[in-house]
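Notes for the one structure printed next.
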Amino acid sequence: MLKKRSRQGIQEINAGSMADIAFLLLIFFLVTTTMDTDAGILRLLPPIVEQEATEVNKRNVYEVLVNDADMLLVEGQMMDIKDLREGAKLFMTNPSNDADLPEKSRITVTDCQTKIGEYKAYVAGATDEKVKQDYQKTLERWEDKLSAVRLLGEYQELPPSAVISLQTGSKTSYDMYVKVQNELESGIRELRDELCKEKFGRKFTELDDKNDEDKELIKAIRMVYPQRISEAEPVDLTKKPA
5 MLKKRSRQGI QEINAGSMAD IAFLLLIFFL VTTTMDTDAG ILRLLPPIVE
55 QEATEVNKRN VYEVLVNDAD MLLVEGQMMD IKDLREGAKL FMTNPSNDAD
105 LPEKSRITVT DCQTKIGEYK AYVAGATDEK VKQDYQKTLE RWEDKLSAVR
155 LLGEYQELPP SAVISLQTGS KTSYDMYVKV QNELESGIRE LRDELCKEKF
205 GRKFTELDDK NDEDKELIKA IRMVYPQRIS EAEPVDLTKK PA
């Protein structure tokens with residue numbers, strides 16, 4: 005007798021291991037693939053300091069403009085980038101008391117102690133919490149100045165509104181922007197190094213901010229030479245002013 009042939013369906017493929025294979029392939033590509041990274045400027049931004057808006061004296065602003073053709077204009081005059089560092093240092097120090105550069109004020113122990121006494125009284129007598137906080141911030145600022153004077157001796161302080169203003173054109177190359185930034189920052193860094201070397205026999209860049217003693221030196225030197233570089237939004241220099 006002939007046996008009936010059993011009708012069997014098509015066997016399914018065992019896909020149990022497919023997920024493992026896919027996972028291994030994903031790991032392989034993650035490990036072996038290299039990602040492009042942008043080169044740029046590493047900068048630690050300063051803490052936000054709330055202060056009242058004040059009218060800025062033109063002599064307190066060092067205007068640096070890089071146009072669309074990567075040409076450098078400083079205070080409205082053409083400048084070679086190799087001279088920018090010294091220009092920034094001259095603005096920060098004003099050694100000849102030039103009327104076109106920031107007018108610096110001398111910080112002494114007596115001045116600091118007088119101001120500290122005044123603001124302690126203001127803090128104690130303030131009834132409005134916001135006003136009291138403002139007085140407290142100013143008090144702490146003068147206490148920092150006193151610490152700086154005791155570490156460095158009397159020094160010339162830049163006015164609060166003194167700033168290096170950097171602006172670029174909408175078509176300025178990124179490479180030129182980085183070069184200008186580097187020169188401005190290097191000028192301030194050299195001033196800090198020179199002061200630290202003169203007072204403590206070490207460069208500012210050699211100080212360790214994790215060391216309590218060095219931390220006080222860092223704060224004091226930054227009081228004398230703050231890094232104030234303001235970057236404005238790029239402008240379209242092809243447009244004529246209205």
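The opening position of the sequence shown corresponds to residue 5 in our numbering, with each subsequent residue numbered one higher. For glycine and all other residues, C-beta sits at the position ideal for the given N, C-alpha and C. Every value quoted in this text rests on a predicted model; they were computed, and no experiment measured them.
Euclidean distance between Cα positions of residue i and residue j
i: residue 113; j: residue 197; result: 24 Å
i: residue 238; j: residue 79; result: 17 Å
i: residue 216; j: residue 228; result: 19 Å
i: residue 31; j: residue 23; result: 12 Å
i: residue 214; j: residue 25; result: 48 Å
i: residue 150; j: residue 221; result: 13 Å
i: residue 41; j: residue 141; result: Note that residue 41 scores a pLDDT of 48, beneath 50, so its modelled location is shaky; the value from the coordinates is reported in the next line. Those two C-alpha atoms are separated by around 40 Å.
i: residue 108; j: residue 88; result: 21 Å
i: residue 201; j: residue 73; result: 39 Å
i: residue 208; j: residue 231; result: 14 Å
i: residue 34; j: residue 27; result: 11 Å
i: residue 176; j: residue 211; result: 35 Å
i: residue 100; j: residue 129; result: 42 Å
i: residue 240; j: residue 180; result: 17 Å
i: residue 219; j: residue 173; result: 38 Å
i: residue 167; j: residue 110; result: 18 Å
i: residue 192; j: residue 91; result: 11 Å
i: residue 134; j: residue 121; result: 20 Å
i: residue 159; j: residue 187; result: 25 Å
i: residue 29; j: residue 194; result: 52 Å
i: residue 178; j: residue 137; result: 41 Å
Residues near residue i by beta carbon distance below 8 Å, same chain, minus five either side
i: residue 105; result: 63, 94, 95, 98
i: residue 75; result: 82
i: residue 183; result: 85
i: residue 154; result: 113
i: residue 190; result: 89
i: residue 52; result: Its pLDDT being 44, under 50, residue 52 is placed unreliably in this model, and the value from its coordinates should be taken loosely. No residues qualify anywhere along the chain.
i: residue 204; result: 221
Delimiting residues of the alpha helix (DSSP H) encompassing residue i
i: residue 94; result: 88–97
i: residue 190; result: 178–204
i: residue 220; result: 216–228
Continuous beta strand (DSSP E) stretch holding residue i: start and end
i: residue 168; result: 167–172
Beta-bridge partners of residue i, as assigned by DSSP
i: residue 159; result: 111
i: residue 77; result: 69, 82
i: residue 277; result: Nothing about residue 277 can be read from this structure; the chain reaches only from 5 to 246.
i: residue 234; result: 169
Neighbourhood of residue i by C-beta, 6 Å cutoff - its chain only, sequence neighbours within 5 removed
i: residue 157; result: none
i: residue 77; result: 69
i: residue 152; result: 224, 227
Close-in-space but distant-in-sequence residues of the same chain around residue i (CB under 7 Å, 5 per side omitted)
i: residue 43; result: Note that residue 43 scores 48 on pLDDT, short of 50, meaning its location in the model is unreliable; the coordinates nonetheless yield the value given after this. Same-chain partners within the cutoff: there are none.
i: residue 225; result: 196, 199, 200, 208
i: residue 206; result: 200
i: residue 123; result: 139, 142, 143, 146
i: residue 235; result: 170
Residue-level contact to chain B via CB, residue i, 8 Å cutoff
i: residue 66; result: No chain B is present in this structure, which holds just one protein chain.
Count the C-beta pairs between the stretch 156–174 and the stretch 62–76 that are closer than 8 Å, then say yes if the count reaches three, no if not.
Contact between the stretch 156–174 and the stretch 62–76 is present, because at least three Cβ pairs lie under 8 Å.
If we count Cβ pairs, one from each stretch, closer than 8 Å, do we get three or more for the stretch 140–155 versus the stretch 110–124?
yes
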